[in-house]
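Residue numbers (our numbering): 126 to 244.
Ideal Cβ positions, reconstructed from N, Cα and C, are used throughout, including at glycine.
Just so you know, these numbers come straight off a predicted model, no measurement behind them.
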C-alpha cells in the first residue's frame with residue numbers, strides 16, 4: 126500500500142511539473158498583456174482577464190485557472206505565485222473564486238512585500 130501511495134505521489138508530482146512547463150492553452154479570440162505582478166494594477170488586470178474569459182468561452186473554473194498561467198509573464202513573481210499555489214492545490218478541483226481572491230490578495234500588497242516574494 127505504501128509503495129502504491131509513493132507511486133501515485135510521484136505521478137502527481139510529474140503531472141504538476143508537466144502542467145507548469147506546458148500548460149494547456151485554450152484557443153483565444155483576444156490576447157492580454159501578460160501580468161508580471163509588478164507593473165500592472167491587479168484589480169484592473171483581473172477585470173480585463175475575466176472579460177477575456179467570457180469572450181474566449183473559458184467558462185469553467187479549470188479553464189480559467191489553466192488560462193491564467195498562460196497569461197502570466199514567464200519567470201515573473203506572478204508565475205512563481207501561480208506555481209507555488211498549484212503545488213498545494215488540485216487543478217481538477219480548482220475553484221476560480223478562490224484563485225481570484227488569492228491573486229488579488231497576493232498582488233494587492235505593497236511593492237516592498239512583493240519584492241520579498243520575488244525569490
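Item to complete: Can you say whether residue 212 is buried or exposed, counting buried as having 16 or more other CB atoms within 10 angstroms of its CB?
Response: Looking up residue 212 in the chain shown gives position 87. When all chains shown are included, residue 212 counts as exposed.
Discussion item. I'd like to confirm the pairing. Which residues does DSSP put opposite residue 160 in its beta bridges?
Written reply: Position 35 of the chain shown holds residue 160. Partner(s): 197.
Fill in: From 190, 203, 195 and 205, residue whose alpha carbon lies closest to that of residue 223
Residue 223 sits at position 98 when you count from the first residue of the chain shown. Nearest option by C-alpha distance: 190.
Worksheet item: Roughly how many angstroms separate the alpha carbons of residue 159 and residue 180, rounded to a whole number?
Response: To locate residue 159, count along the chain shown from 1; it is residue 34. To locate residue 180, count along the chain shown from 1; it is residue 55. If you take the alpha carbons of residue 159 and residue 180, they lie about 17 Å apart.
Practice prompt. Measure the Cβ-Cβ separation of residue 220 and residue 186 and say whether it is below 7 Å.
Written response: The count along the chain shown starts at 1 and reaches residue 220 at position 95. The count along the chain shown starts at 1 and reaches residue 186 at position 61. Yes, the Cβ-Cβ distance between residue 220 and residue 186 is below 7 Å.
Practice prompt. Quick one: grab the DSSP three-state call for residue 219.
Written response: Indexing the chain shown from 1 puts residue 219 at position 94. Residue 219: coil per DSSP, three-state reduction.
Worksheet item: In the structure shown, what three-state DSSP assignment does residue 166 receive?
Response: Within the chain shown, numbered from 1, the residue matching residue 166 stands at position 41. Of the three classes helix, strand and coil, the one that applies to residue 166 here is coil, per DSSP.
Practice prompt. Confirm, please, whether the CB-CB distance from residue 233 to residue 201 is below 7 Å.
Written response: The count along the chain shown starts at 1 and reaches residue 201 at position 76. The count along the chain shown starts at 1 and reaches residue 233 at position 108. Taking 7 Å as the Cβ cut-off, residue 201 and residue 233 do not qualify as a contacting pair.
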